[in-house]
Amino acid sequence: GENITAGAGDNMNDMHDELKKHDETIAARMKPVRNKVLVMSGKGGVGKSTVSVNLAAAMAAAGKKTGLLDIDLHGPNVARMLGIAGMRLGSDGEDIVPYEVSERLSVCSMALLGADPSTAIIWRGPRKTSAIREMLGGVKWGTLDYLFLDSPPGTGDEALTAAQSIPGLTGAVLVTTPQEVALDDARRSAAFARSLAVKIIGVVENMSGFVCPGCGLETPIFSSGGGEKLAAELGAAFLGRLPLDPRAVLMADEGRTIFEMESGKMREAAVKIAEKFAEVCP
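Every number in the numbering used here is 5 more than the matching position in the sequence shown, counting from 1.
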């Protein structure tokens, strides 16, 4: 009995030491990253990845060294939205090297690890936690001005792991659509952030109006103003509204960002959101 107990104790100590060592590795990786920003939403389909990708692209275009980590393990869309689907992460012999989209924008995603995109990832919590911690500690991010983490909707393992594993997390950007149902879910995400002492940096209201491709008329099919109201409730910055433009949907499928649009209300809105974000999170 004593031998079994002693053996179990040794195993627990080994696990504790291993976790502590990994925490130290993550802390070392994150130390040269000035702003670590979690992009969250209360529900799916509100355009969280759209906001993550376009904020990252905007900061990189502004001359900032930027990283984008896709921690949505079950539905990683970042690679396709940046036009790098099918590409692979590299290695320098010791560490994983993120994929360089440009001189100032690097990306890490499960979609860049060679997994079959048509195959579902069926993982329980501990395995998801381990994968995210590996991407935080095992990827050679280097010195960054911003690291955006595109999380899956809700308050599950992925967002929890990121919030608990990253020392000095700058805060979160909350993405919602204007209708009350989406706002209720966003409030739950905000409560989750508060419980973990994660600051809400700002709120983005997506799909605030449909822009007619023919006449340019904007119609608030999902209502409007809810995101601004939520930001006021939370004492957070309202970063702005993104209208719904069919051209932007096609561009995302083609791997192009909103900023590659020649003109239009959506491009103007995205520019304003990026400028406001840079003000509140310099």
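Beta carbons: idealized from backbone N, C-alpha and C, even for Gly.
Fair warning: this is a prediction, and the values are worked out from it, not measured in the lab.
Check                                                                                                    : Outcome
Pairwise C-alpha distance: Glu23 and Phe215                                                              : 51 Å
Unbroken stretches of the beta strand (DSSP E), 3 residues or longer, contained in the stretch 58 to 108 : 71 to 75, 104 to 107
Whether Val44 touches Ser200 by CB criterion (8 Å)                                                       : no
Of the listed residues Leu255, Ala283, Met271, Glu267, nearest to Met86 (C-alpha basis)                  : Leu255
Pairwise C-alpha distance: Gly231 and Thr166                                                             : 29 Å
Three-state secondary structure (DSSP) of Lys204                                                         : coil
Helix, strand or coil at Leu24 according to DSSP, with G and I counted as helix                          : helix
Beta-carbon gap between Ile205 and Gly176 smaller than 8 Å                                               : yes
Uninterrupted beta strand (DSSP E) stretches inside the stretch 207 to 285 (no shorter than 3 residues)  : 242 to 249
Straight-line Cα distance separating Cys217 from Thr224                                                  : 8 Å
Exposure label - Leu118; buried when at least 16 CB within 10 Å                                          : exposed
Exposure of Ser57, with buried meaning 16 or more beta-carbon neighbours within 10 Å                     : buried
Bridge partner(s) assigned by DSSP for Val144                                                            : Ile101
Contact the stretch 229 to 243 vs the stretch 187 to 197: 3+ CB pairs below 8 Å                          : yes
Boundaries (first-last residue) of the beta strand (DSSP E) holding Thr181                               : 176 to 181
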